[in-house]
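Encoded as structure tokens, the structure appears first; notes follow it.
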Amino acid sequence: MALTRHFKETVVARVQSDPAFAQALFDEAINLFLNGESDTAKLVLRDLINATIGFESLSQKIHKPIKSLHRILFSSGNPNMNHISVIFAAVKRTLKIETRK
20 MALTRHFKET
30 VVARVQSDPA
40 FAQALFDEAI
50 NLFLNGESDT
60 AKLVLRDLIN
70 ATIGFESLSQ
80 KIHKPIKSLH
90 RILFSSGNPN
100 MNHISVIFAA
110 VKRTLKIETR
120 K
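Counting from 20, one number per residue, gives the positions in the sequence shown under my numbering.
In structure tokens:
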């Protein structure tokens, strides 16, 4: 019997059981984007999407094909700010996250 589990499984379990952790990941993804670390931000955002809304549901909510979403959030993807802001807004609504003003 393995004593460890895959990192992504751990993230999913933690996000689903701890709303504050989901909020922290969301905040971190935004801060990373604002600080010019877009590759890391996209990775955090992908993990958050996989642990919560899922790409299929996100695709339906924002009317973008799943393949496009994966390309947007892939490390070598080059998303425009419109796409990123729509994705962040959908995740925010799904998680019922309040942003600080």
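No residue lacks a Cβ here, since even glycine has one placed at the ideal position from N, Cα and C.
In this text, all values refer to a predicted model and were calculated from it rather than measured experimentally.
- Buried versus exposed call for Phe26 [16 or more other C-beta atoms within 10 Å across all chains shown]: By the Cβ-count criterion, Phe26 is exposed, with fewer than 16 other Cβ atoms from all chains shown falling within 10 Å of its own Cβ.
- Put Lys83 into one of helix, strand or coil per three-state DSSP. Coil.
- Message: Using 8 Å for Cβ pairs, my map puts Leu114 next to Phe45. What's the rounded Cβ distance?
- Response: With a Cβ gap of about 7 Å, Leu114 and Phe45 count as contacting.
- Query: Which residue from Ile116, Ala109, Val110, Ser104 puts its Cα closest to that of Leu53?
  - Reply: The shortest C-alpha to C-alpha distance from Leu53 to any of Ile116, Ala109, Val110, Ser104 is the one to Ser104.
- Ser94 and Lys61: beta carbons closer than 8 Å? Lys61 sits close to Ser94, with the two beta carbons spaced by under 8 Å.
- Where Arg65 falls, given that 16 or more other Cβ within 10 Å makes a residue buried: Buried is the call here.
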